[in-house]
Amino acid sequence: MGLNAAWDDSAQANEHVPPLNKRFPYGKQPIRGVSVGGWLSLEPFITPSFFKKYSVHDNVVDEYTLTRRLASSAKPTLEKHYATFITERSFREIRDAGLDHVRIPYSYWAVKKFDDEPYVEQVSFRYLLRAIEYCRKYGLRVSLDLHGLPGSQNGWNHSGRHGVIGWLNGPDGDKNAQRSLDIHDQLSKFFAQPRYKNVVTLYGLANEPLMLKLPIEPVIDWTKKAAEIVEKNGMKQHIVFGDGFLKLSKWKTILQDTGHSLLLDTHQYTIFNTELIGLEHKKKLEFVCDGWVELLSDSNSKGTG
């Protein structure tokens, strides 16, 4: 799918939201969306077929070890996945379900890989651009989410490499932090183009940095630097940063009055709690409504940062 020189931002996901060429009232109207996880950044629990064929002794647990194991077949294997796991039909169904936003996780090797890393470089970026055009066609706004940062920002498999946190931590922590800033410099220059201003409305800096293990101040300092780079490059979109799994009340004293258009991203899960998984669907909804409403209200308050 090539990019046409002209584009049309008049599409409207549904009658309850404005068309793409009109501003979405963030902070006043709920976002109703879905994440296309496991696509451009692999997650073993979403796409177990990539991993279940290997034994424990093979130690294939993330995209790093998978692509290292696949070697020369990594590129055709992943490109087949990119081309079939999520397609235009997926975005049409998202629109038809009444949703209006799509979160697209992708990782830094969509732009560049470093040293002797085995990741498949740049191929996923083509599919990211294709996805954005499908979203444009169906009136869906896009939240870009940098899911994997150099060195891994949380040590979890969905960052690309399971194990040690090597971003802002360890002997290469500062180098990887700068690499991630350079990635954002390149990405934000690209997405600052007029073509993307109406469809890419949310720009994520780092998915789930594990601030329960990382020192807080360096993460905050990096976030400020990243936001400055993104805005300096002309992006007018809202910049999204993660709560780091800190209590939302902690953010009442952090990142106040930065001058940046920041949105705090907090992730609440039921899927990773065995007790919650066993609840009937109605009970899960009640748990979310009763237990998370106050937390989410706090996250919408100016006092939380």
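Numbering-wise, the sequence shown is residues 447 to 751 according to the working numbering. We put the CB at the ideal spot given by N, CA and C, even for glycine.
Looking only at its own chain, which residues have a Cβ that is under 8 Å from the Cβ of residue i, when we skip the five neighbours before and after it?
| i | result |
| --- | --- |
| Phe627 | The amino acid at residue 627 is misidentified as Phe; the sequence shows Leu. Excluding residues within five positions, the ones whose Cβ falls inside 8 Å are Trp668, Lys671, Ala672, Ile675. |
| Val548 | Gly479, Val480, Ser481, Val482, Phe537, Ile540, Ala577, Cys581, Leu586, Arg587, Val588, Ser589 |
Taking all protein chains shown into account, do 16 or more other C-beta atoms lie within 10 angstroms of the C-beta of residue i, making it buried, or fewer, making it exposed?
| i | result |
| --- | --- |
| Thr750 | Bear in mind that a pLDDT of 45 at Thr750, under 50, signals an unreliable position, so the number given afterwards is only what the model happens to contain. Counting Cβ neighbours within 10 Å, Thr750 comes out buried, since at least 16 surround it. |
| Asn719 | exposed |
| Cys581 | buried |
| Glu509 | buried |
| Ala517 | exposed |
| Ser519 | exposed |
| Glu489 | buried |
| Asp546 | buried |
| Lys678 | exposed |
| Ile715 | Looking at the sequence provided, one finds Tyr at residue 715 rather than Ile. Exposed: under 16 other Cβ atoms inside 10 Å. |
| Val665 | buried |
| Thr530 | exposed |
| Phe687 | buried |
| Asp591 | buried |
| Val463 | buried |
| Asp561 | exposed |
| Asp689 | buried |
| His630 | buried |
Report all residues from its chain with a CB closer than 6 Å to the CB of residue i; omit the five preceding and five following residues, and keep chain order.
| i | result |
| --- | --- |
| Ser553 | Ser487, His593, Gly594, Gly606 |
| Val569 | Glu525 |
| Trp555 | Tyr565, Glu567 |
| Ile662 | none |
| Gly680 | Ala638 |
| Phe625 | First, the residue type needs correcting, since residue 625 is Arg and not Phe in the sequence shown. The residues are Pro596. |
| Ala451 | none |
Tell whether a beta-carbon distance below 9 Å holds between residue i and residue j.
| i | j | result |
| --- | --- | --- |
| Ala457 | Leu466 | yes |
| Ala623 | Arg541 | no |
| His527 | Phe496 | yes |
| Gly601 | Leu658 | no |
| Val588 | Ile532 | no |
| Ile685 | Gly650 | yes |
| Gln632 | Lys583 | no |
| Lys643 | Gln599 | no |
| Leu722 | Lys730 | yes |
| Leu708 | Tyr472 | no |
| Asn653 | Pro551 | yes |
| Gly484 | Ile477 | no |
| Asn603 | Val507 | yes |
| Gln500 | Arg514 | The identity of residue 500 in the sequence shown is Tyr, whereas the question assumes Gln. No, the Cβ-Cβ distance between Tyr500 and Arg514 is not below 9 Å. |
| Phe470 | Thr647 | yes |
For the alpha helix (DSSP H) containing residue i, list its first residue and its last residue.
| i | result |
| --- | --- |
| Asp711 | No alpha helix (DSSP H) contains Asp711, which is instead part of the beta strand (DSSP E) from 708-711. |
| Val463 | Where Val463 is concerned, there is no enclosing alpha helix (DSSP H), given that its DSSP letter is neither H nor E. |
| Phe537 | 534-542 |
| Val557 | Premise fails: Val557 is in no alpha helix (DSSP H) and is neither H nor E. |
| Trp668 | 662-678 |
Would residue i pass as an interface residue toward chain D - the criterion being a Cβ-Cβ separation below 9 Å?
| i | result |
| --- | --- |
| Gly688 | This model lacks chain D altogether, as it is built from one protein chain only. |
Starting from residue i, trace the beta strand (DSSP E) both ways and give me its first and last residue.
| i | result |
| --- | --- |
| Val646 | 646-650 |
| Ile550 | 547-553 |
| Val480 | 479-481 |
| Ile685 | 684-688 |
Between residue i and the rest of its own chain, which residues show a CB-CB distance below 7 Å, the 5 nearest in sequence each way excluded?
| i | result |
| --- | --- |
| Thr511 | Asn505 |
| Gly431 | The chain is shown only over 447 to 751; residue 431 falls outside these bounds and no answer can be derived. |
| Lys521 | Val566, Val569 |
Can residue i be considered in contact with the ligand GTP, in the sense that its beta carbon sits closer than 8 Å to one or more heavy atoms?
| i | result |
| --- | --- |
| Arg582 | As for the ligand GTP, it is missing from this structure, which has no ligand bound. |
Inset, instruction - Jot down the residue ranges of each uninterrupted alpha helix (DSSP H) in the stretch 567-644, minimum 4 residues, whole runs only, in chain order. - result: 569-583, 619-637
Legend entry - Uninterrupted alpha helix (DSSP H) stretches inside the stretch 485-530 (no shorter than 4 residues): 509-516
Inset, instruction - Just list the alpha helix (DSSP H) runs in the stretch 712-742, keeping only unbroken ones of 4 residues or longer that don't cross its boundaries, in chain order. - result: 720-723
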